[in-house]
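Visitor: For reference, the structure I am asking about is given below.
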Amino acid sequence: MATAEVLRARGHDVKLWLAGKDIEAPALRGWSGETVTVAAEGLPSGFSLRGVHAVWRLLMAVLACRNLMKSSRPDVLLAMGSYACVGPVGAALLLRVPVVLHEANVLPGRAVSLFSRWASAVAGSFEETRHYLRRKHIEVTGMPIRRDLERAAQRALQTAERHDQWTVLVMGGSRGAHMLNEVVSAALVRLHRHGHRLRAIHLAGAADEKAIRSTYEASGIPHEVHAFVSDMAPVYASSDLAICRSGAATCAELGVFALPALLVPYPHAAKDHQMFNARAMEKAGAADVVPEKDLSEDWLVDYIAGCMRTPERLARMSAASRARSKGSASEALADLVERTGGVTRVAGA
Numbered sequence: 129m130a131t132a133e134v135l136r137a138r139g140h141d142v143k144l145w146l147a148g149k150d151i152e153a154p155a156l157r158g159w160s161g162e163t164v165t166v167a168a169e170g171l172p173s174g175f176s177l178r179g180v181h182a183v184w185r186l187l188m189a190v191l192a193c194r195n196l197m198k199s200s201r202p203d204v205l206l207a208m209g210s211y212a213c214v215g216p217v218g219a220a221l222l223l224r225v226p227v228v229l230h231e232a233n234v235l236p237g238r239a240v241s242l243f244s245r246w247a248s249a250v251a252g253s254f255e256e257t258r259h260y261l262r263r264k265h266i267e268v269t270g271m272p273i274r275r276d277l278e279r280a281a282q283r284a285l286q287t288a289e290r291h292d293q294w295t296v297l298v299m300g301g302s303r304g305a306h307m308l309n310e311v312v313s314a315a316l317v318r319l320h321r322h323g324h325r326l327r328a329i330h331l332a333g334a335a336d337e338k339a340i341r342s343t344y345e346a347s348g349i350p351h352e353v354h355a356f357v358s359d360m361a362p363v364y365a366s367s368d369l370a371i372c373r374s375g376a377a378t379c380a381e382l383g384v385f386a387l388p389a390l391l392v393p394y395p396h397a398a399k400d401h402q403m404f405n406a407r408a409m410e411k412a413g414a415a416d417v418v419p420e421k422d423l424s425e426d427w428l429v430d431y432i433a434g435c436m437r438t439p440e441r442l443a444r445m446s447a448a449s450r451a452r453s454k455g456s457a458s459e460a461l462a463d464l465v466e467r468t469g470g471v472t473r474v475a476g477a
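Start counting the sequence shown at 129; every next residue gets the next number (this note's numbering).
Structure follows, in structure tokens:
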């Protein structure tokens, strides 16, 4: 969506191709452009009747997209790498429409791995992705995030206002957060009882919100607890350390806000792709990494106390995190789309 908004602002006609899933709905809020919905589903692992059915549905999606695309042929197609892109990308290749693929994670998904050999250009969020694709050149654009979040990050970094209390931001992600919620909240409460002056901002998810709030209230630690937050800018800007999963979007947002992090990759992610993201962040000096199986209350108490004692180390992590964020990823990806499609920004846009 972020890149689509940039391209529209440059005067281009932009059409979104969707799979009709509920997860797409939040991103579409505020979008007034054209959309096309063609049902699609992911491929399960291994051979099964469900897998055969999914392949059939994807082939039907390719044919449906081709028929729709023939009547309004695009100059270029940008695909963000999920299974939902199979129909539009397959159709574009059949019609010889230039295709730009973007891979959000270090480890490419099946759609990008499949189509990268035929795509006109491939972009990625991480430099390390080039090691996992049979392709000589990958444009490292970064991961596009919402423009309002980018602007808020720029303002926050320019003002660099300090807050009164050392603040830990806890984000469990959309799945698998219960263990993380319990261990981190227990560690923060213990630190508070031992005299450490800190505050918790905890995005606990709907299932754990009430219990985590009760834990903090009973201890007296300053806190904010939410199931989720739609406007993340003030949350990132007021935090000193994030403890979170390592999905591609989270890694990108940490970068633009220059926020040091302890990454606890979701252990059940496909092909353990979150661990690959986390290790790339760690290699860059922007984050520390601990596997969920190694995370304990005692370890975390020592880790957070160490972070509070060594602000210069967090400052180095912050600088490294910011360095990974190469300007506006959505602008860079829009530039690549224009070059690949042979189109230019509309005058006056």
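For each residue, glycine too, the CB sits at the ideal point set by N, CA and C.
#1: Pick out whichever of A380, I329, R283, M197 has its Cα sitting closest to the Cα of L221.
#2: In angstroms, rounded to a whole number, what distance separates the CA positions of T165 and K149?
#3: Threshold first: 4 residues or longer. Then list the alpha helix (DSSP H) segments lying entirely within the segment 405-450, N to C.
#4: Could you tell me whether the segment 356-368 touches the segment 265-282, using the rule of 3 or more Cβ pairs below 8 Å?
#5: So T468 packs on S248, CB below 8 Å; how close in whole Å?
#6: How should R452 be labelled, buried or exposed, when 16 other C-beta atoms within 10 angstroms of its C-beta is the threshold for buried?
#7: Residues in its own chain within less than 7 Å of V312 by CB, not counting five upstream and five downstream?
#8: Would you call S424 buried or exposed, if buried means 16 or more other Cβ atoms sit within 10 Å of its Cβ?
#9: Could you check the C-alpha separation between R275 and K421 for me, to the nearest Å?
#10: V134 by DSSP, collapsed to three states: which one?
#11: Is the Cβ-Cβ distance between A132 and L144 less than 8 Å?
#12: For the putative contact between H330 and A433, defined by C-beta atoms under 8 Å, what is the C-beta separation to the nearest angstrom?
#13: Inspect the beta-carbon positions of I266 and A251 and report whether they are closer than 8 Å.
#14: On the three-state DSSP scale, how would you describe G383?
#15: What would DSSP say about H351, mapped onto helix, strand or coil?
#16: Compare the beta carbon distance of A462 and R138 with 8 Å and say whether it is the shorter of the two.
Guide: Let me spell this out:
#1: M197
#2: 9 Å
#3: 425-437
#4: yes
#5: 5 Å
#6: buried
#7: V298, I371, L428
#8: exposed
#9: 36 Å
#10: helix
#11: yes
#12: About 18 Å separates the two Cβ atoms, so there is no contact after all.
#13: yes
#14: helix
#15: strand
#16: yes
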